[in-house]
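Q:
Numbering (the working numbering), first residue to last: 345 to 547.
Right, here's the structure in full:
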């Protein structure tokens, strides 16, 4: 399985990082080794002094697809989740300044949190899902899929032009504004609505 991640999919997040609004979805990959094992803490890597949390709605692909038409994209998933795309912001900024790929800042071991999954049938409209992240019981990020520049079905259609989607692949759909640094002993909790989807300790 692979992790397909979307960058710059919320306008306010683009503004907070002073990035340029993309014409097409920004896509990058994380290997399966980036997945944080269940019940394990997130350990801040030695190579970064500025790791940021980025909470995101996740979609799990349930069948193989290539060149998927947007109108059929909804048939390729039936589970919605929540996760974190941890980012070594200092390393990413350095790599971007040099025109180099982001992988070292985005795809390192433990950089992908995948929480619990909920049936898509739980949601009246996947384009209206509220989610949030708390750090030490303080709200730090909140968003709604209605704010996405490209909605879930559009993303599935788009990425399938370049990558064959396989059973178990996970799409990270982008983060809203409010990203920020994590520190040792922080506790992160993610929610879809009022349902807790994950709880992570930072070491």
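Where a beta carbon is used, it is the ideal one built from N, C-alpha and C, also for glycine. Given the structure is predicted, the values throughout are model-derived calculations rather than measurements.
Could you compute how far the alpha carbon of residue 392 sits from the alpha carbon of residue 372?
A: For residue 392 and residue 372, the distance between alpha carbons rounds to 20 Å.
Q: Taking the continuous beta strand (DSSP E) assigned at residue 485, which residues delimit it?
A: Residue 485 -> beta strand (DSSP E) spans 482-488.
Q: Classify residue 414 as helix, strand or coil using the three-state DSSP reduction.
A: Correct three-state label for residue 414: helix.
Q: To which residues does DSSP link residue 429 through a beta bridge?
A: Its beta-bridge partners are 456.
Q: DSSP three-state label for residue 440, please.
A: Correct three-state label for residue 440: helix.
Q: Taking all protein chains shown into account, do 16 or more other C-beta atoms lie within 10 angstroms of the C-beta of residue 543, making it buried, or fewer, making it exposed?
A: Exposed, since its Cβ has fewer than 16 Cβ neighbours within 10 Å.
Q: Does the Cβ-Cβ distance between residue 427 and residue 460 come in under 7 Å?
A: No, Cβ-Cβ distance for residue 427 and residue 460 is not below 7 Å.
Q: For the alpha helix (DSSP H) that contains residue 503, what are its first and last residues?
A: Here the alpha helix (DSSP H) through residue 503 covers 496-503.
Q: Where residue 385 and residue 425 are concerned, what is the direct C-alpha to C-alpha distance, given to the nearest angstrom?
A: So the two alpha carbons sit approximately 19 Å from each other.
Q: Just checking, does the segment 475-488 make contact with the segment 431-440 on the three C-beta pairs under 8 Å criterion?
A: Result no; under three Cβ-Cβ pairs closer than 8 Å.
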